[in-house]
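Enquirer: Residue numbers (our numbering): 292 to 627.
Glycine included, each C-beta is placed from N, C-alpha and C at the ideal position.
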Amino acid sequence: MSEITYPFDKTVPTEEPARIVPNIHWLRMPLPFVLNHVNIWLLQDEGGWCTVDTGVTWDTGKSVWNRCLCQYTLVRQVVTHYHPDHIGLAGWLEQKTGASVWMTRGEYLTALACRNQLESYSVDAMIRLFEWHGLDESRVKALKVRGHVYGQGCPVLPSTCHYIRDGDRITIGSHEWEVIAGYGHAAEHASFYCRELNILISGDMLLPSISTNIPVMAVDPLGNPLKEFLESVRRFLDLPADTLVLPSHGRPFRGIHARVRFLEEHHRSRCHAVLRACTVPRTACELLPVLFEREIVDAHQYMFAMGESIAHLNYLEKQRKLKRLERDGVIRFVTA
């Protein structure tokens, strides 16, 4: 299969679950920011239903779940990763239904660290990282005003967690799903592949029309998440070309190999653009217009953009194509 195809003509109505295949329902959960929805996958389980991801905490999300819970008895929650649009309502749902939470150790502990603003997982640590990489004063101020948004989107975390690991096989209802860990987007993201159904629940690791955010985090300022991400998505090339992919954002699609190859080329092109721009020393902030075609207008967007700009610079530095220069507390990069 050489291109992306969409087996379902239209997206399902927001807030109303729809059957995708037997025993799997699709819920487009609204979000209160630019990325306006997250896909929730409801899988029939023993004694009820298992949700894969939950949505962010806000009144609309709770209202959607309250209506869904009139039709679906929730007995288990599987969470792909720690971002609030995926885990945000898991603690609330645990309290409301008793449904246990299954996720990787890395994601659960990262959620705890972010929720509790521990050391290098805090907003202040993120801002310091961005200042070192040239973020200007006005945008630094906007991030400070924005504050601890993670805690707003994820105010209550599950009290306990059943840890899952790469390669584990978990049974949900009558089907077995293999855990495929991925890196670069989050600490230990979990995707799930069912060989019998030939379905991949990809989370944020593989999206049909937007590229996954790949950030450098304050806790690991010299990290190489772009390398980790590319190595992770290449694992999907081992799956059949006609695998049905259920992503966290956008529509279900087929063409998994084509999408991986597109992402490889996308980041290769971005790296070439960075190298052309860095014939003179540049900060990550100065490279935002090089890496992103659209204007970045708010703090939510340039938080993601700054992390990804640093990721491309670290990636090229590790390949010895860029040199890191530090002067007056600001980091710049220039071609080696």
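Between R460 and T371, what straight-line distance do the alpha-carbon atoms span, to the nearest angstrom?
Expert: The alpha-carbon atoms of R460 and T371 are separated by roughly 15 Å.
Enquirer: Which residues does DSSP pair with Y484 in a beta bridge?
Expert: Answer is E469, L491, bridged to Y484.
Enquirer: Buried or exposed, going by whether 16 or more other CB atoms sit within 10 Å of the CB of I501?
Expert: Label assigned to I501: exposed.
Enquirer: For a minimum of 4 consecutive residues, which ranges assigned as the alpha helix (DSSP H) are wholly contained in the stretch 353 to 381?
Expert: Taking only runs of at least 4 residues, the alpha helix (DSSP H) segments lying wholly in the stretch 353 to 381 are 375 to 378.
Enquirer: Near P512, which residues of its chain fall below 7 Å by C-beta distance, leaving aside the five closest residues on each side in sequence?
Expert: Once the five neighbours on either side are set aside, the close Cβ partners of P512 are L420.
Enquirer: Return the chain-ordered ranges of every beta strand (DSSP E) run that is complete within the stretch 500 to 530 and spans a minimum of 3 residues.
Expert: Within the stretch 500 to 530, no complete beta strand (DSSP E) run reaches 3 residues.
Enquirer: What are the boundary residues of the beta strand (DSSP E) that H603 is part of?
Expert: Careful: H603 lies outside any beta strand (DSSP E), inside the alpha helix (DSSP H) at 590 to 609.
Enquirer: Report the rounded CA-to-CA distance for P304 versus R319, giving the unit in angstroms.
Expert: Cα to Cα, P304 sits roughly 7 Å from R319.
Enquirer: Considering only the beta carbon of each residue, do L332 and W317 sit closer than 8 Å?
Expert: The residue you asked about is not Leu; residue 332 is Trp in the sequence shown. Yes, the pair counts as a contact, with Cβ atoms nearer than the cut-off.
Enquirer: Might you give, ordered along the chain, the residues of its own chain that have their beta carbon closer than 7 Å to the beta carbon of E428, omitting 5 neighbours on each side?
Expert: So the list is empty, once near-sequence residues are dropped.
Enquirer: Counting pairs of beta carbons, one from the stretch 472 to 488 and one from the stretch 558 to 575, are three or more of them closer than 8 Å?
Expert: Not touching, per the Cβ criterion.
Enquirer: Assign H328 to one of three DSSP states: helix, strand, or coil.
Expert: Strand, per DSSP.
Enquirer: May I have the straight-line CA-CA distance separating E617 from S450, to the nearest angstrom?
Expert: Each residue's Cα considered, the two are about 43 Å apart.
Enquirer: What span of residues does the alpha helix (DSSP H) with A564 cover, start to end?
Expert: From DSSP, the alpha helix (DSSP H) with A564 extends over 547 to 568.
Enquirer: Report the CB separation of L497 from V536 in whole angstroms; it is logged as a contact under 8 Å.
Expert: Correct: roughly 6 Å between the Cβ atoms.
Enquirer: Give me the Cα-Cα distance between A532 and G438, rounded to the nearest whole angstrom.
Expert: Approximately 43 Å between the Cα atoms of the pair.
Enquirer: Which word fits V290, buried or exposed, when buried means at least 16 other C-beta atoms lie within 10 angstroms of its C-beta?
Expert: Since the first residue of the chain shown is 292 and the last is 627, residue 290 is not available in this structure.
Enquirer: Any idea which residues DSSP pairs G425 with across the strands?
Expert: Per DSSP, none; premise fails for G425.
Enquirer: Please report the straight-line C-alpha distance between T626 and V588, rounded to a whole angstrom.
Expert: Between T626 and V588, the C-alpha separation is close to 29 Å.
Enquirer: When you compare the CB positions of E410 and A416, do they come within less than 8 Å of one another, or not?
Expert: Going by C-beta atoms, E410 is nearer than 8 Å to A416.
Enquirer: Give the straight-line distance between the Cα atoms of E555 and M394, rounded to the nearest whole angstrom.
Expert: Distance between the alpha carbons of E555 and M394 is about 27 Å.
Enquirer: Indicate whether G379 and C445 have their beta-carbon atoms separated by less than 8 Å.
Expert: Closer than 8 Å, so yes.
Enquirer: Can you say whether Q610 is buried or exposed, counting buried as having 16 or more other CB atoms within 10 angstroms of its CB?
Expert: Q610 should be labelled exposed.
Enquirer: Would you kindly check if the distance between the Cβ of V581 and the Cβ of V565 is under 8 Å?
Expert: The answer is yes: Cβ separation under 8 Å.
Enquirer: Identify, in the order they occur along the chain, each residue of the same chain with its Cβ nearer than 7 Å to the Cβ of D344, setting aside the five sequence neighbours on each side.
Expert: Result list for D344: V329, I331, V370, T371, H377, S539, in chain order.
Enquirer: Taking Cβ positions, are P323 and W356 nearer each other than 8 Å?
Expert: No, they are not a contact pair.
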